[in-house]
Structure formats: C-alpha cells, structure tokens
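**Student:** Just dropping this structure here.
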Amino acid sequence: MHRLRPLAARNVPLPNPTQRNVTRSLATEPGPTETEPHSCVRSTERQGAHVLEISERGREYQERLNAFMDDFVYPAEPIYSEQMAAAASPHTQPQILEDLKAEAKKQGLWNLFHPHPEWGPGLTNLEYAPLAEITGRSMEIAPEAINCNAPDTGNMEVFTVFGTDEHKEKYLRPLLEGKIASAFAMTEPAVASSDATNVEMSMERTDDGFVLNGRKWFASNAMHPNCRVLIVMGKTDPSAEVHRQQSMLVVPIDAPGVTVVRNLPVYGYADREGHAEIVFENVLVPFKDILKGEGEGFAISQARLGPGRIHHCMRAIGAAERALELMVGRAESRVTFGEKLSSRSNIQDWIAESRIEIDQARLLTLHAADMMDKYGNKVAKNEIAEIKVVAPTMALKVIDRAVQVHGGGGVTEDFPLARMWAHMRTLRLADGPDEVHKRSIARNEIKKYRG
C-alpha cells in the first residue's frame, strides 16, 4: 500500500479510475442458490459446527465497494491529507470528501448500514459486516464517504425506530442524504459512565417541557462542521427503578443553553469530527422531542449499541488487515545485516500471528452478527461483548507490530499506523471498556453453571 504523502497542489479533483489494483474480496465460500438472494452469508449447522457461507449478493456488494476503494478512496487519501493540512481548522469538511460522497451515491454505495429497505438497501448485520471491514481499511474517510460513519449510523437507526414523523423529516432525511451530521451525548466527566445508570444529567419535567442541566464529554462528531443535532441521555426520574430513570431527548446543537466547551484530542490527534465536551444550562426541550417515552433511555442505548459494536469491530479488523499489508511490504523492502527483514524469524512470527488473530476475530464477529440477525441483541449479548473485547485488542497488537517493523517511520505522520493505533486504543473504551464486557461474559458463564 502506498505511503500517505501530502500533494503539492491544494485543489485536486477527485481521482479518475485508472488501472485498478487487485481487489481485496472477502468472498471465499460459494454462494447460495438463486432462491436465497437476500442473504449475504448463509449460516448452517453441520454436525455441531456453525458454518458461514458468503452469498452471491454479498460478493457483489464487496466487489463493488472494493472497486470504489481502489478507484477513488485510496487515491484520495493523500489529497485528503493535503486539504486537511491546508485548512484553517482541524474541524473542516474537505472538498475531496464531498466529491467521494457524490461518487458513492452515484454508484449506489450509500447508507449500506441501514437495515430498513425504505432508508437503505435493507442489509442484515451479517450482510453489512464485511462491508464495514472494507471501510475500516481507510478509517478517516471511507465510512463517511458512503454515509456509514459512527455515531451517525446509530443515531439514524434510533430516529428510524423511535423518532417521530417530525424527527424523521427534520433530522433523519438530512442525515440519510449526508447533508448534516449528529452526535450522541451520554458519557459524563463526573461519573464512571461505563455504568450507564450513573448518568447524572438532570432532565427536570416542567409545564413547558424538560429542562436540561449537566455536562457531557466525548460527544463524538459534535465538532463536525455539519453537526446539527444531539441525542442526549439523562435522568428524568431519579426515584424510578434504576434502569427506568433515564430518557433520551433530541436537542439541536444550537439550542439556547447548549455550549460546546472544547474538543478533546485523542493522543494528540484533533480528529476532524472531534470529541466534544458540552455544557447544558437550563436547556428547554419540548415534550415532543423525547424518544420513545420517559424511562426508555437505557433500553434505547442497549438497542443502539448492539449493531454499532459490530460496525466498530469489523472496521477494526479492516484496519488490522491494512496494517498487516503495510508490515509485510515494509519487511520485504528493508534489509538489515545483509538480509531482508522478512527473512527474520521474529518478523515471520509477527506476520503469522497477525494473520491468525485477524481471521479469528473476523469469524467471531461474523458469528455475533449472525446471532443478532437470528435471535436479536438480547440473546446475542454474550457474543457482542466478546467481539468488543477481542477485535480492538487484536487490531492494536497487529498495528503495534507494524509500527515496530517500520522503525522510526512507524510513529510519524508519513504512515497511517500511529493514527490507527490511537483510534484503536480509544476503541477499547468507546461503547464500554473491556472490563465491563468481560464482567458481563463472566456473569453469564457463572449463571449457566449455577443453573
């Protein structure tokens, strides 16, 4: 894979497709018969084994998305870097990204995440998962280029299922069109937010609506120049049962009393979409802007996070794949003490271990996606927790090995590895830290033992 070097010219048009690289298709299994056109991966149980088979529809989407990546996204990466470097603010929307979005729409590679056929292609979790992996190979631009970027994806699904007609018209449609962005405000600096019941933001009911007071942080996407709306979780009834105290409200980011205090750089990277700290001071929200109803916040958050964890984990696997390619390419191109790095036994061990760990994580995540499709988030909670621990940890290992093989270059901006590492380290905390997921897994196993 090419190095990410800034270009000299500032306004470079969207690259035209030329000679295409070999696509990195994930399809390895024969597809189903023509009587099964709507399943990307068919699962069967054979003598106790769980078999996942890539379908023709799945291969077609993968081939089209891989072609889009080869023809447009990878060539656009240095252009993106150059335009961002020239921008006055790190929170800007470069023209190359808008060009990519237009091309993705034209090619029908848009809103691929959305499970409802009215709003997207209607793919299942299992169908979409390999596509999320492909976008993870270019984490900074590919997800947004096809309108499959977190947290917008989760927020769009929340608006679809729980939003009013007004919410859908005012926010969902513009989000689906890629015209606006959104943020999810749940985490708070004053409490351990890995336990969602700790959320303290006050949502006091008055005659005119709910009055919000509190502070949120790590509201990802809130610094995006197109961010227009927040989905905010807080307490509407502190006296209710512990999982019925929270509600979710829809709040315009420019509502009176909402103040974006600062961006929170991650390992020194001021991400374009940002991670904001936001203060809410006497913010009045009409009753009509509550999602589902009072006391439903915890349930909505659990429903929202399930598919999101599949997306995060598959993108992590895509990032690990790219890091492995960079590792092998570097090992093949560098010579020490008269031999290629790739001939060294320790480097070969790193390459082999990376391949094994990536494949393990992929199969586990696809299994979790299949379980969600078949039985729902609640039944698949163990599998979802497992992948959230496994995939980011695996990606960190692979990226760290790639950094080591690159030597000093691995920690610079000349290669994408340092930024990839920072993103993956953050992912071990986002959507719940490893320890919370391990606790959930252990409790489920102990419960089975106790009967």
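Converting from the sequence shown to this note's numbering requires adding 4 to each position, the first position being numbered 1. Glycine included, each C-beta is placed from N, C-alpha and C at the ideal position. On a predicted model such as this, the values are computed, not experimentally measured, just so you know.
Using DSSP with H/G/I as helix, E/B as strand and the rest coil, what is VAL262?
**Tutor:** Reduced to three states, the DSSP call for VAL262 is strand.
**Student:** I'd like to check one pair, ALA194 with VAL204: are the Cβ atoms closer than 8 Å?
**Tutor:** The residue you asked about is not Val; residue 204 is Glu in the sequence shown. Yes; because the gap between Cβ atoms is below 8 Å, this pair is in contact.
**Student:** Hey, is VAL262 close to the ligand SAH, as in C-beta under 7 Å from one of its heavy atoms?
**Tutor:** The model on display carries no ligand, and the ligand SAH is accordingly not part of it.
**Student:** Let me confirm a value: PHE214 is counted as buried when at least 16 other C-beta atoms fall within 10 Å, else exposed. Which label applies?
**Tutor:** Result: buried.
**Student:** Grab me the residues of VAL393's own chain with a C-beta within less than 7 Å of its C-beta, minus the 5 sequence neighbours each way, in chain order.
**Tutor:** Same-chain partners within the cutoff: ASP438, HIS441, LYS442.
**Student:** Given that a residue counts as buried once 16 or more other Cβ atoms are within 10 Å of its Cβ, and exposed if not, what is TYR453?
**Tutor:** Per the 10 Å Cβ criterion, exposed.
**Student:** Just the Cα atoms here: how many angstroms apart are ARG334 and ARG359?
**Tutor:** Near 16 Å, if we compare the C-alpha coordinates of ARG359 and ARG334.
**Student:** List the DSSP bridge partners of ILE282.
**Tutor:** DSSP output for ILE282 lists LYS220, VAL264 as bridge partner(s).
**Student:** If the criterion is Cβ atoms closer than 8 Å, does the pair ALA356 and ALA406 meet it?
**Tutor:** Cβ atoms of ALA356 and ALA406: not closer than 8 Å.
**Student:** Could you name the residues of the same chain whose beta carbon sits closer than 7 Å to that of HIS171, not counting the 5 residues immediately before and after it, in chain order?
**Tutor:** Excluding positions up to five away in sequence, the list reads PHE163, VAL254.
**Student:** Measuring CA to CA, which of ASP211, SER198, ALA365 is closest to PHE302?
**Tutor:** Taking only the C-alpha atoms, the option nearest PHE302 is SER198.
**Student:** Taking only the alpha-carbon atoms, compute the straight-line gap between PRO229 and ALA389 and give it to the nearest angstrom.
**Tutor:** Each residue's alpha carbon lies about 33 Å from the other.
**Student:** Under 8 Å between the Cβ atoms of LEU104 and LEU69?
**Tutor:** It is not a contact, given that the beta carbons lie outside the stated cut-off.
**Student:** Measure the C-alpha to C-alpha separation of GLY312 and MET376 and round it to an integer number of angstroms.
**Tutor:** The alpha-carbon atoms of GLY312 and MET376 are separated by roughly 12 Å.
**Student:** What is the residue span of the alpha helix (DSSP H) that PHE166 lies within?
**Tutor:** Segment 156-166, the alpha helix (DSSP H) holding PHE166.
**Student:** What does the Cβ neighbour count give for TYR379, buried or exposed, with the cut at 16 atoms within 10 Å?
**Tutor:** Looking at its Cβ environment, which holds fewer than 16 other Cβ atoms inside 10 Å, TYR379 is exposed.
**Student:** Going by DSSP, name the residue or residues bridged to LYS344.
**Tutor:** According to DSSP, LYS344 bridges with VAL339.
**Student:** Taking only three categories from DSSP, how would you classify LEU433?
**Tutor:** DSSP places LEU433 in coil when its eight states are reduced to three.
**Student:** Taking LYS239 as the reference, give the member of MET252, ARG232, CYS231 with the closest Cα.
**Tutor:** Out of MET252, ARG232, CYS231, MET252 has the C-alpha closest to the C-alpha of LYS239.
**Student:** To the nearest angstrom, report how far apart GLU86 and LYS292 are at their CA atoms.
**Tutor:** Whole-angstrom Cα-Cα distance: 44 Å.
**Student:** Do you know whose CA, among ILE184, LEU101, HIS247, VAL236, lies nearest ASN202's CA?
**Tutor:** If we check each option's Cα against that of ASN202, HIS247 comes out closest.
**Student:** When the Cα atoms are used, what is the spatial distance from LEU368 to ILE391?
**Tutor:** Computed Cα separation, rounded: 7 Å.
**Student:** Given that a residue counts as buried once 16 or more other Cβ atoms are within 10 Å of its Cβ, and exposed if not, what is GLY385?
**Tutor:** As written in the sequence, residue 385 is Lys, which differs from the Gly given in the question. The residue in question, LYS385, is buried, as its Cβ has 16 or more Cβ neighbours within 10 Å.
**Student:** Tell me which same chain residues have a C-beta within less than 6 Å of the C-beta of ARG2, skipping the five on either side of it?
**Tutor:** As displayed, the chain neither begins before 5 nor continues past 455, which places residue 2 out of reach and without an answer.
**Student:** By alpha-carbon positions, which one of LEU179, LEU130, ARG308, HIS118 ends up nearest to ARG63?
**Tutor:** Nearest of LEU179, LEU130, ARG308, HIS118 to ARG63, Cα basis: LEU130.
**Student:** Just curious, the alpha helix (DSSP H) that PHE72 is in, first and last residue?
**Tutor:** 60-72 is the span of the alpha helix (DSSP H), which, as asked, contains PHE72.
**Student:** Excluding sequence positions up to five away, which residues of its chain have a Cβ less than 6 Å from the Cβ of ALA422?
**Tutor:** Cβ within range, chain order: VAL415.
**Student:** Here's a check: name, in chain order, each residue in its chain whose Cβ is nearer than 7 Å to the Cβ of VAL289, leaving out the five neighbours to either side.
**Tutor:** Excluding residues within five positions, the ones whose Cβ falls inside 7 Å are GLY213, PHE214, LEU216, LEU253, VAL255.
**Student:** So, under 8 Å CB-CB, LEU295 and ILE304 are touching, yes? Tell me the CB distance rounded to an integer number of Å.
**Tutor:** Yes, they are in contact, since the Cβ atoms of LEU295 and ILE304 sit about 6 Å apart, within 8 Å.
**Student:** Tell me whether PRO125 is buried or exposed, calling it buried when 16 or more other Cβ atoms sit within 10 Å of its Cβ.
**Tutor:** Buried, by the Cβ-count rule.
**Student:** Out of PRO269, ASN286, PHE284, state which residue places its alpha-carbon closest to the alpha-carbon of GLY278.
**Tutor:** The option with the nearest alpha carbon to GLY278 is PRO269.
**Student:** Taking all protein chains shown into account, decide if ARG266 is buried (16 or more other Cβ within 10 angstroms of its Cβ) or exposed.
**Tutor:** Classification for ARG266: exposed.
**Student:** On the DSSP bridge list, what partners appear for VAL215?
**Tutor:** VAL215 is bridged to GLU208, LEU288.
**Student:** What number of angstroms, rounded off, separates the C-alpha of VAL236 from the C-alpha of PRO178?
**Tutor:** Approximately 19 Å, taken between the alpha carbons.
**Student:** Quick one: what does DSSP say SER47 is sitting in, helix, strand or coil?
**Tutor:** Confidence in SER47 is poor, its pLDDT being 47 and thus under 50, which makes the residue's placement unreliable; the coordinate value appears in the next sentence. In the structure shown, SER47 sits in a strand (DSSP, three-state: E or B).
**Student:** Taking the C-alpha atoms as reference points, what is the distance between GLU361 and ASP75?
**Tutor:** Cα to Cα, the separation comes out at about 29 Å.
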